[in-house]
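**Q** Going down the list, the protein sequences come from chains A and B.
Start counting the first sequence at 1334; every next residue gets the next number (this note's numbering).
Start counting the second sequence at 1334; every next residue gets the next number (this note's numbering).
Can you keep this structure in mind? I'll have questions shortly.
Number of protein chains: 2
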Amino acid sequence: MSEGEVTVAETTRRMSAKQTAARIELAAIDLALEHGFGAVTVDMICAQAGVSQRTFFNHFRTKEAAILGNLHPVIDQRAAREFVLATGPLLPGALMLVRLSGEDGTPDDPKLMARRFRAISGEPSLVAKQMEELAHIEGELVEILSTRLRLESERAGTPLSPEALERQSALCGHILGSLMLYINGFQHGRESDPAAIAARMRELPTDIGAVLGKLV
Amino acid sequence: MSEGEVTVAETTRRMSAKQTAARIELAAIDLALEHGFGAVTVDMICAQAGVSQRTFFNHFRTKEAAILGNLHPVIDQRAAREFVLATGPLLPGALMLVRLSGEDGTPDDPKLMARRFRAISGEPSLVAKQMEELAHIEGELVEILSTRLRLESERAGTPLSPEALERQSALCGHILGSLMLYINGFQHGRESDPAAIAARMRELPTDIGAVLGKLV
DNA sequence: ATGCTATGTTGCAGTTACTGCAACAGTTGT
DNA sequence: ACAACTGTTGCAGTAACTGCAACATAGCAT
């Protein structure tokens, strides 16, 4: 009964790029959840989505991208402008700096998002890919942090040396980046459902506070 | 001529596994530094090392592994036993927990190591691979941290709730893992020469102190 | 010396991910 | 009716990787 194929209409209706991409994405996530990402081939996804392999690669650059869904973490420029001028703890503001957004800023179905996250967490290659994405914006993040730290230290009358500023903002950017992975639970098989994510997000400042006292 | 091939002896001498792996590794690093990792094919590496492709894959599971050199980060069990019982700041002891070691614990030529690091840094896919390796031991790291935090909090008469313990050690392990990548400079095109690494290692406690104070 | 076994190398055929190119089909605007 | 645009497809090719079976060399036991 050709289970997956959603033969909607009889007349060969034309699909928008978005629709096709969404179908492929859905198929990819479903199959990954069912068989595990490694056991799923592109051909399987194509069959399920009812497209040719060539079409698949017209929409997604890699097999991973089909699950990650063309969502790239981007810096929210408005939040960034506020952030550099703000004072006080960095963390709350910094967490608002990075948004997960599609190319055109399409808001994503939360249910799909949850399934996607479940598919991602636990698959090291997908986590790594996500890591890569994050690395792309880490430079920008570091720049923003550098400005903020410089302004703040100057205002406080204790300006940082350029070297210290450089190291501290690099370190800070790095930690923030990894905290985003932590929050999403992409690491070492933690849960990635929205509830768990929200919980981690909520507890993060407290936990960071508790942990930092013990680290150094 | 045949530039790369190191025709050592005339009699077809047998190579030990280690020798062959080393030749492949060297060839891979050289070529990656010359052309960039992406532009290097396995066949190129094989030609340079004078082995067949099949032999290449007998020694290394992936192209990336040829450059990363079968070195896996492992937990130093002796250091771990000391660590769980120790008191005071976590960071110094924690940084000693993870060692980079070959399967048989072969100590690596520092010069080769430096070249290797230069080849790795800046290549996102290699950084990601390194990340993956790290993820494998992160679970173990978290367990060790959990024990340490539990013992310490009990000794202090302020035992942590299981949930807090779980979250804090997970967070701590995650931060420590990412700090190791930071130290090695694998992120966003920072330098990976031994001097820069040593400098970051040296300054890390100070910088962490400064940065964490500002985070929350 | 003879044969056994462990170790190491290789060729070959096959799978999977991915790319470039050229063709073709609806859709829309003139 | 025609052109321009958008989206889909087939096909041929490359690159990474795997399994299998064959073969070569070295060390070892008899």
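Beta carbons: idealized from backbone N, C-alpha and C, even for Gly.
#1: Residues in the same chain with beta-carbon distance under 6 Å from A1427 of chain B, minus the five sequence neighbours each way, listed in chain order, please.
#2: Using Cβ-Cβ distances below 9 Å, what residues of the region 1384 to 1414 of chain B are close to chain A?
#3: With a cut-off of 8 Å, does the C-beta of Q1501 of chain A fall near any C-beta of chain B?
#4: Tell me which residue opens and which closes the beta strand (DSSP E) that P1495 of chain A is part of.
#5: Would a check of beta-carbon distances place E1456 of chain B closer than 8 Å to chain A?
#6: If you count every other CB in all the chains shown that lies within 10 Å of the CB of H1469 of chain A, and 16 or more means buried, which is it?
#7: Taking contact to mean 3 or more Cβ pairs, one atom from each stretch, closer than 8 Å, check whether the region 1505 to 1519 of chain B and the region 1511 to 1519 of chain A are in contact.
#8: So, do the region 1361 to 1371 of chain B and the region 1530 to 1549 of chain B have three or more beta carbon pairs nearer to each other than 8 Å?
#9: Please state the DSSP three-state secondary structure of L1424 of chain A.
#10: In the structure shown, what three-state DSSP assignment does M1348 of chain A receive?
#11: Could you tell me the alpha carbon to alpha carbon distance between A1529 of chain A and F1519 of chain A, rounded to whole angstroms?
#12: Nearest CA to the CA of V1460 of chain A: which residue from A:A1398, A:E1485, A:M1348?
#13: Along the chain, where does the alpha helix (DSSP H) containing V1544 of chain A start, and where does it finish?
#14: Per DSSP, what kind of secondary structure is R1432 of chain B in: helix, strand or coil?
#15: Could you have a look at P1406 of chain B and say whether DSSP puts it in helix, strand or coil?
#16: Which residues of the region 1531 to 1547 of chain B have a Cβ closer than 9 Å to any Cβ of chain A? Give them in chain order.
#17: Please state whether DSSP places A1372 of chain B in a helix, a strand or coil.
#18: With a cut-off of 8 Å, does the C-beta of A1529 of chain A fall near any C-beta of chain B?
#19: Leaving out five residues on either side along the sequence, give the residues of the same chain with a beta carbon under 8 Å from the beta carbon of R1451 of chain A.
#20: Check the Cβ of S1511 of chain A against every Cβ in chain B and list those closer than 8 Å, keeping chain order.
#21: Is the distance from the Cβ of L1498 of chain B to the Cβ of L1482 of chain B below 8 Å?
#22: Buried or exposed: where does K1351 of chain A fall if 16 or more other Cβ atoms within 10 Å of its Cβ makes it buried?
#23: What does the Cβ neighbour count give for V1462 of chain B, buried or exposed, with the cut at 16 atoms within 10 Å?
#24: Could you compute how far the alpha carbon of M1425 of chain B sits from the alpha carbon of A1413 of chain B?
#25: Helix or strand or just coil, what does DSSP make of V1475 of chain B?
#26: Give every residue of the same chain whose Cβ lies closer than 6 Å to the Cβ of V1475 of chain B, excluding the five residues on either side of it in the sequence, and list them in chain order.
#27: Counting contacts by CB-CB distance shorter than 8 Å, is R1523 of chain A in contact with chain B?
#28: Less than 8 Å between the C-beta atoms of I1408 of chain A and V1431 of chain A, yes or no?
#29: Tell me which residue opens and which closes the alpha helix (DSSP H) that F1450 of chain B is part of.
#30: What residues in its chain sit with their C-beta under 6 Å from that of V1341 of chain B, if we drop five residues either side in the sequence?
#31: Any idea if P1443 of chain A is buried or exposed, counting beta-carbon neighbours within 10 angstroms, 16 or more meaning buried?
#32: Using only the alpha-carbon positions, how far apart do G1455 of chain A and A1372 of chain A sit?
#33: Check the Cβ of M1429 of chain A against every Cβ in chain B and list those closer than 9 Å, keeping chain order.
#34: Going along chain A in order, which residues have a C-beta closer than 8 Å to the C-beta of V1460 of chain B?
#35: Can you tell me the Cα-Cα spacing of D1376 of chain A and T1388 of chain A, whole angstroms?
#36: I need the DSSP call for F1416 of chain A, collapsed to helix, strand or coil.
**A** Judging by the given coordinates:
#1: L1509
#2: none
#3: yes
#4: First-last for P1495 of chain A: 1495 to 1517, but that is the alpha helix (DSSP H), not the beta strand (DSSP E).
#5: no
#6: exposed
#7: yes
#8: no
#9: helix
#10: coil
#11: 12 Å
#12: A:A1398
#13: 1527 to 1548
#14: strand
#15: strand
#16: A1532, R1533, E1536, L1537, P1538, T1539, D1540, I1541, G1542, A1543, V1544, L1545, G1546, K1547
#17: helix
#18: no
#19: L1366, S1525, D1526
#20: H1507, I1508, G1510, S1511
#21: yes
#22: exposed
#23: Rather than Val, the amino acid found at residue 1462 of chain B in this sequence is Lys. It is buried - the Cβ of K1462 of chain B has at least 16 other Cβ atoms within 10 Å.
#24: For clarity, residue 1425 of chain B is Pro in the given sequence; the question names Met instead. Cα to Cα, the separation comes out at about 12 Å.
#25: helix
#26: S1502, A1503, G1506
#27: yes
#28: yes
#29: 1443 to 1453
#30: At V1341 of chain B, the pLDDT of 41 sits below 50, so the modelled position is not reliable and the matter cannot be decided from this model.
#31: exposed
#32: 14 Å
#33: Per Cβ cutoff of 9 Å: no residues; M1429 of chain A is ~14 Å from chain B at best.
#34: M1464, E1465, A1468
#35: 11 Å
#36: helix
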